Amino acid sequence: MVAPPRVRSALARSLDRALFAIATAGLLLGGFEYALLPVDAGLEWVLAGLPLLFWIYLAAGLVAWRQRPSNPMGLLILWSGLCVFLGSLGNTEAPALQAIGAICQVLVMPATAHLLLAFPGGSLSVRRDRIIVLIGYTVAILTQAPQYLFNPRGTFPPFAIADLPGVSAGAALVQSVLGGAVLIAVAVLLIARLRAAEPPQRRVLIPLYAYGIFVLLFIPFSSLVLVRVMGVAPTVRGLLQFIAVAGTPLAFVLGMTRGGFARTGELEELGTWLGAAVTTKEPLAAALARALGDPTLDLYFWATDRREYVSVDGRAAPDPDADPRRGWQEVRVDGRRVGGISYDAELLRDRDLVRTAGNVVAIAVERERLTAELRASGQALQASRERIVEAADRERSRIARDLHDGIQVQLVMLALDAQRLGSAPPDAIESRATRLRSDIDDAAANLRRLVHDLMPAALIERGLVAATEDLVDRMPIPTRLHSEISDGSLDRADEYTAYFVLAEGLANVVKHARARSAEVRITRTGDVVRVEVHDDGRGGASMEAGTGLRGLADRVDAAGGTMTLRSIRGEGTHLWVELTCVS
């Protein structure tokens, strides 16, 4: 199968050029830092990894940004890489850069926490998350200051204004305690998110969150455990911390490839896709999911006849309020409902973006909806024709069976009786002739009954109202008739259709409704004739439950009318049909 061609808008190509410029600038910054690193410190192989670490963040951020231009995750990854870069400047030989490195030395920790809490939507939508991240940045900046202002032997001696080791040590302790508390709070929040996530989301989040929690806890405690307790050399500790931090952006890339992100084309690209003159296109729902970056997105169409949203294969849409993690956006054309978008509310936190995307694809949704309705209408027409043929076959079989098992048998017996009458004793001829006449009357009555079932004489001779009165008179329960038309006011086809509706409706009342009373109404408004059967029975009737109502609906549809059934359990059944006539 040939994949549909990708359509790239001018805005998408412009974004690619901008990202290329950022990549070039990042490579130059990393090279600039590498040129300023000391060459005689004995740690060349460790220090050389600092620009590489920055470049790893740079690459991951650019990939995320290109994948999802409307999502801030790419920018956040770049921000984390910038924090790594700024913190590593303290290792250069330039005093001004060393000062920046001293200030930003631990900024990578709150930046990593920010990344984890913002994934996958790219924003901190919960106030609690914003507070925790703000505290993290504040602790990283403010508690770092006393460690270079009051310690001449610290990270940047020129910054020292006094030698107060107690203040410096106290600030370091506060930084460890508060920073550790922030990191633990982040870990608890991530675990809570995992528990609340759906299985497909959990498969994406588990490796990312697990690694993120490991990094957040490993970096601050590695100095204490590895160096002070286990006696690991500082160079080895630095290498392990480097590997741990370098894995963070790679974990986000893994999250992207496993489904945490889907390709997002901006809305202009979506519009370009809609207007592209190509013969093969991906489905509209797939294009919309790709554009918004939500692989779980579902597109539903408004089914006018069912008064509900349905998928392209006819499944009813889930209740929008059933799952708070799912968002819902109606799609309208000129104020009319044509569809709806179900999306991941955690992933797409900007409802305006989804609303705008819905406006972009509204005409296409309407076109697909009408196409689906036309296809369904054709299928329903074919099914209706098949049911009409089957009903006609069943009726012919019933008539043949009634003729064969009933009247035919009676006629054979009458012929035998007539033959025996000729050879009967004279004194028995009169009684046998009387019995033969009675049997002939019974056969004639059966024949009239069969003809009446096919087409009642009252309907042929006197019209719809008279035939309906005959039906009502034969009902075993009290039945009221209200008619606003006169016999002969309808054409023959409409009269026949209306009569069979009333006959089937009253038959169902007798056979299934367990009703105490019923009502029949025949009214006309302009060119529309409405016939109704209403009972106070048990309700629960369905056009899918048997062939009677379904066949009746096919007959009404063939006559160009509409049939509606309202049957709630315990509230009776109301059947009404509207026919358009010209007489």
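Numbering (the numbering used here), first residue to last: 15 to 597.
Cβ atoms here follow ideal geometry from the backbone N, Cα and C, with glycine treated the same way.
The structure displayed is predicted, hence computed values, not measured ones.
Quick check on DSSP: helix, strand or coil for residue i?
| i | result |
| --- | --- |
| R47 | Contrary to the premise, residue 47 reads as Glu rather than Arg in this sequence. Looking at E47 - three-state DSSP - the assignment turns out to be helix. |
| G353 | strand |
| G477 | coil |
| F315 | strand |
| I536 | strand |
| Q343 | strand |
| R494 | strand |
| S190 | helix |
| R544 | strand |
| E483 | helix |
| V326 | coil |
| L589 | strand |
| S28 | helix |
| L504 | coil |
| T294 | Its pLDDT being 44, under 50, T294 is placed unreliably by the model, and the measurement read from it follows with that caveat. Coil at T294, not helix or strand. |
| D453 | helix |
| D358 | strand |
| D549 | strand |
| G285 | Model confidence at G285 stands at a pLDDT of 49, short of 50, so the residue's coordinates are unreliable; what they give is reported in the following sentence. In the structure shown, G285 sits in a helix (DSSP, three-state: H, G or I). |
| R321 | coil |
| L178 | coil |
| R580 | strand |
| T310 | coil |
| T511 | helix |
| T370 | helix |
| T594 | strand |
| D441 | helix |
| G184 | helix |
| F34 | helix |
| Q161 | helix |
Taking its Cβ as the centre, do 16 or more other Cβ atoms sit within 10 Å of residue i, making it buried, or is it exposed?
| i | result |
| --- | --- |
| S182 | buried |
| G128 | Residue identity check: residue 128 is His in the sequence provided, not Gly. H128 should be labelled buried. |
| F46 | exposed |
| P490 | exposed |
| D333 | exposed |
| R141 | exposed |
| P124 | buried |
| G372 | buried |
| I175 | exposed |
| E444 | exposed |
| S28 | exposed |
| G353 | buried |
| I70 | buried |
| R82 | buried |
| P109 | exposed |
| L362 | buried |
| R569 | buried |
| L131 | buried |
| L187 | exposed |
| A336 | exposed |
| A572 | exposed |
| I257 | exposed |
| T493 | buried |
| A458 | exposed |
| T448 | exposed |
| I582 | exposed |
| L156 | exposed |
Pop quiz: residue i and residue j are said to be a contact at Cβ under 8 Å. What is the actual Cβ separation, rounded to whole angstroms?
| i | j | result |
| --- | --- | --- |
| L72 | L103 | With 8 Å as the limit, L72 and L103 do not qualify as a contact, their Cβ atoms being about 16 Å apart. |
| N85 | G341 | Going by Cβ atoms, the distance from N85 to G341 rounds to 15 Å, so no, they are not a contact pair. |
| V77 | G101 | About 23 Å; that fails the 8 Å criterion. |
| E382 | L298 | 6 Å |
| L360 | R329 | The amino acid at residue 360 is misidentified as Leu; the sequence shows Glu. E360 to R329, Cβ: 23 Å. No contact. |
| L593 | D508 | 5 Å |
| L651 | F266 | The structure shown does not extend to residue 651, since the chain spans only 15 to 597, so no value can be given for it. |
| L197 | L231 | 6 Å |
| N105 | L51 | 6 Å |
| G553 | G584 | 6 Å |
Do residue i and the ligand ADP come close, with the Cβ less than 7 Å from some heavy atom?
| i | result |
| --- | --- |
| E382 | Summarising the ligand content, the structure contains no ligands, and the ligand ADP is consequently not present. |
Meets three-Cβ-pair contact criterion under 8 Å: the stretch 202 to 215 and the stretch 152 to 160: no
Sequence ranges, alpha helix (DSSP H) only - wholly within the stretch 71 to 155, length at least 4: 87 to 102, 109 to 117 and 122 to 132
Touch test, the stretch 515 to 525 against the stretch 473 to 492, Cβ-Cβ under 8 Å, three pairs minimum: yes
Any 3 or more C-beta pairs closer than 8 Å across the stretch 214 to 228 and the stretch 252 to 267: Yes, since at least three Cβ pairs between the stretch 214 to 228 and the stretch 252 to 267 fall closer than 8 Å, the two stretches touch.
Touch test, the stretch 498 to 507 against the stretch 548 to 558, Cβ-Cβ under 8 Å, three pairs minimum: no
Any 3 or more C-beta pairs closer than 8 Å across the stretch 107 to 117 and the stretch 147 to 154: Too few Cβ pairs lie closer than 8 Å, so no.
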